[in-house]
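Report on the structure given below.
There are 2 protein chains.
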Amino acid sequence: MNPDIFLPPQVAWATGALAGGPLIRKTTRLAELPDVFTDGEAWKRGNPQQGVYDVDVLGSPVGEGALFVGVTHLYAGNVGDEFFMTRGHFHARREQGEVYFGLRGVGLLLLQTEAGDARLEQVTAGSVHIIPPFTAHRLINTGTETLSALAVWPSVAGHDYAALAEGFSLRVFASGQGFEVRHG
Amino acid sequence: MNPDIFLPPQVAWATGALAGGPLIRKTTRLAELPDVFTDGEAWKRGNPQQGVYDVDVLGSPVGEGALFVGVTHLYAGNVGDEFFMTRGHFHARREQGEVYFGLRGVGLLLLQTEAGDARLEQVTAGSVHIIPPFTAHRLINTGTETLSALAVWPSVAGHDYAALAEGFSLRVFASGQGFEVRHG
Numbered sequence: 188m189n190p191d192i193f194l195p196p197q198v199a200w201a202t203g204a205l206a207g208g209p210l211i212r213k214t215t216r217l218a219e220l221p222d223v224f225t226d227g228e229a230w231k232r233g234n235p236q237q238g239v240y241d242v243d244v245l246g247s248p249v250g251e252g253a254l255f256v257g258v259t260h261l262y263a264g265n266v267g268d269e270f271f272m273t274r275g276h277f278h279a280r281r282e283q284g285e286v287y288f289g290l291r292g293v294g295l296l297l298l299q300t301e302a303g304d305a306r307l308e309q310v311t312a313g314s315v316h317i318i319p320p321f322t323a324h325r326l327i328n329t330g331t332e333t334l335s336a337l338a339v340w341p342s343v344a345g346h347d348y349a350a351l352a353e354g355f356s357l358r359v360f361a362s363g364q365g366f367e368v369r370h371g
Numbered sequence: 188m189n190p191d192i193f194l195p196p197q198v199a200w201a202t203g204a205l206a207g208g209p210l211i212r213k214t215t216r217l218a219e220l221p222d223v224f225t226d227g228e229a230w231k232r233g234n235p236q237q238g239v240y241d242v243d244v245l246g247s248p249v250g251e252g253a254l255f256v257g258v259t260h261l262y263a264g265n266v267g268d269e270f271f272m273t274r275g276h277f278h279a280r281r282e283q284g285e286v287y288f289g290l291r292g293v294g295l296l297l298l299q300t301e302a303g304d305a306r307l308e309q310v311t312a313g314s315v316h317i318i319p320p321f322t323a324h325r326l327i328n329t330g331t332e333t334l335s336a337l338a339v340w341p342s343v344a345g346h347d348y349a350a351l352a353e354g355f356s357l358r359v360f361a362s363g364q365g366f367e368v369r370h371g
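Those sequence lines, one after another, are chains A and B.
Residues 188 to 371 (the numbering used here) make up the first sequence, in order.
Residues 188 to 371 (the numbering used here) make up the second sequence, in order.
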């Protein structure tokens, strides 16, 4: 007689939908992102209830060495000419890294060291982003559809938004059919 | 003028093929798996050069908090009636977890605690397996095609095979069109 076979949660690669497990969703709306976008007047004109991104996280064990799995859905949109993006953060535990996998849409992953050195990685379906320790990270949606990315990160990592109160050193704006990167 | 946009490695969800980055492949052959399968005579009759599984790992930073990304390709086959499987291991750093994502094929993930409690999770395309700290893990291919699974694990985790020298407490054998689980 076979013992019970556990049916684990599932991720749909094409959409990033998570199913079959306990899920916690956090929605971040435009109202919660003051001082994130360059054009403050355009931000004030926006709908404060507009969802900018959702993060779905599977419920799972926590503690030193335990890993979390989640999906970020970053919607297509602009504030002025600047693309929708996540707030971005360092981990509170600075030495803890993270891995992102692009699932759908197109965008950029902005990485920045504590010394302020920034770089951009292209996010597409199947892209693999190994974010090293001591590195802040932000997603930017440069396309016209939702940018969805799967993430794995240590449960003890935590978030430190305050360390980036002055923003990342690069910003990305719509330009013609593409984008333009400017120093912030 | 836009700065350089880094093109990261890519994973093909349908096959688990990794490309576009430094890759290290480790092949494990039947000859390297003595005392892993129940039927030692069948193992001796097998081709010692037969590849049982390949593990491809992306080159990436190491150290406390850094994460590795790799793909295991476990081939379809049997030793006697027992399905091909990975050796399986605890992490040397017992508290370090791991995450597997099923990509193709069908199989089982065998998990076992230090107390010897074992359980099986069904691996299919898109399955998400959050392996908690202090938990040994082994993949078993119960199907007729290659079982490929994407993994993310802490670079400091290490491997401890010796702790499982007596094997896992469950074993999985072909039975008709399906499988049968036996206590080892």
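Every residue, glycine too, gets a C-beta built ideally from N, C-alpha and C.
Residue span of the beta strand (DSSP E) that contains residue i, given as start and end
| i | result |
| --- | --- |
| G294 (chain A) | G294 to T300 |
| A361 (chain A) | L357 to S362 |
| G257 (chain A) | L254 to L261 |
| Y287 (chain B) | E285 to R291 |
| S335 (chain A) | L334 to P341 |
| F271 (chain B) | Here F271 (chain B) belongs to no beta strand (DSSP E), and DSSP marks it neither H nor E. |
| V310 (chain B) | A305 to V310 |
| Y240 (chain A) | G238 to L245 |
| A323 (chain A) | T322 to N328 |
| F224 (chain B) | Note, F224 (chain B): premise wrong, no beta strand (DSSP E); not H, not E. |
| H370 (chain A) | G365 to H370 |
| L210 (chain A) | L210 to R216 |
| V315 (chain A) | V315 to I318 |
The ligand ZN heavy atom lying under 6 Å from the CB of residue i
| i | result |
| --- | --- |
| P190 (chain B) | This structure lacks the ligand ZN; in fact it carries no ligand of any kind. |
Unbroken alpha helix (DSSP H) run spanning residue i, endpoints
| i | result |
| --- | --- |
| G227 (chain B) | G227 to R232 |
Inter-residue CB distance, residue i and residue j (contact presumed, cutoff 8 Å)
| i | j | result |
| --- | --- | --- |
| R216 (chain B) | Q236 (chain B) | 6 Å |
| T225 (chain B) | R358 (chain B) | 6 Å |
| F277 (chain A) | A323 (chain A) | 4 Å |
| A218 (chain A) | V266 (chain A) | Not quite, the Cβ-Cβ distance comes to about 12 Å (not below 8 Å), so this is no contact. |
| L261 (chain A) | L326 (chain A) | 5 Å |
| G203 (chain A) | V244 (chain A) | Wrong, their Cβ atoms sit about 12 Å apart, outside the cutoff. |
| V198 (chain B) | F288 (chain A) | 7 Å |
| A263 (chain B) | D347 (chain B) | Incorrect: roughly 28 Å between the Cβ atoms, too far for contact. |
| Q299 (chain A) | S356 (chain A) | 6 Å |
| L185 (chain A) | G275 (chain A) | Residue 185 (chain A) is absent from the structure shown; chain A starts at 188 and stops at 371. |
Beta carbon of residue i nearer than 7 Å to that of residue j
| i | j | result |
| --- | --- | --- |
| P317 (chain B) | S247 (chain A) | For the record, residue 317 (chain B) in the displayed sequence is Ile; it is not Pro. Their beta carbons are under 7 Å apart, which means I317 (chain B) touches S247 (chain A) by this criterion. |
| E308 (chain A) | F193 (chain B) | yes |
| D241 (chain A) | T273 (chain A) | no |
| T333 (chain A) | L295 (chain A) | no |
| L297 (chain B) | S335 (chain B) | no |
| A253 (chain A) | P196 (chain B) | no |
| V368 (chain B) | P190 (chain A) | yes |
| F360 (chain A) | D304 (chain A) | no |
| G345 (chain A) | G371 (chain A) | no |
Under 8 Å by beta carbon: chain A residues contacting residue i
| i | result |
| --- | --- |
| N189 (chain B) | F366, E367 and V368 |
| Q299 (chain B) | Going along chain A, no residue has its Cβ under 8 Å from Q299 (chain B), so there is no contact; the nearest lies around 13 Å. |
| V293 (chain B) | Under the 8 Å cutoff, chain A gives no residues; its nearest Cβ is about 11 Å from V293 (chain B). |
| E285 (chain B) | L254 |
Neighbouring residues, chain A, relative to residue i (Cβ below 7 Å)
| i | result |
| --- | --- |
| S247 (chain B) | I317 |
| G313 (chain B) | Q197, V198, A199 and W200 |
| E282 (chain B) | E251 and G252 |
Listed by chain order, chain B residues near residue i by CB distance under 9 Å
| i | result |
| --- | --- |
| Q309 (chain A) | I192, F193, L194 and P195 |
Chain E contact for residue i (CB, 7 Å cutoff)
| i | result |
| --- | --- |
| P320 (chain B) | No chain E appears in the structure shown, which is made up of the protein chains A and B. |
Residue i: contacting residues in chain A (beta-carbon distance under 9 Å)
| i | result |
| --- | --- |
| R306 (chain B) | P190, D191, I192 and F193 |
Within chain B, partners of residue i - CB distance below 8 Å
| i | result |
| --- | --- |
| V339 (chain A) | L254, V286 and V339 |
Three or more beta-carbon pairs under 8 Å between the stretch 273 to 285 of chain A and the stretch 334 to 343 of chain A, yes or no? The stretch 273 to 285 of chain A makes contact with the stretch 334 to 343 of chain A: 3 or more CB pairs, one atom from each, lie closer than 8 Å.
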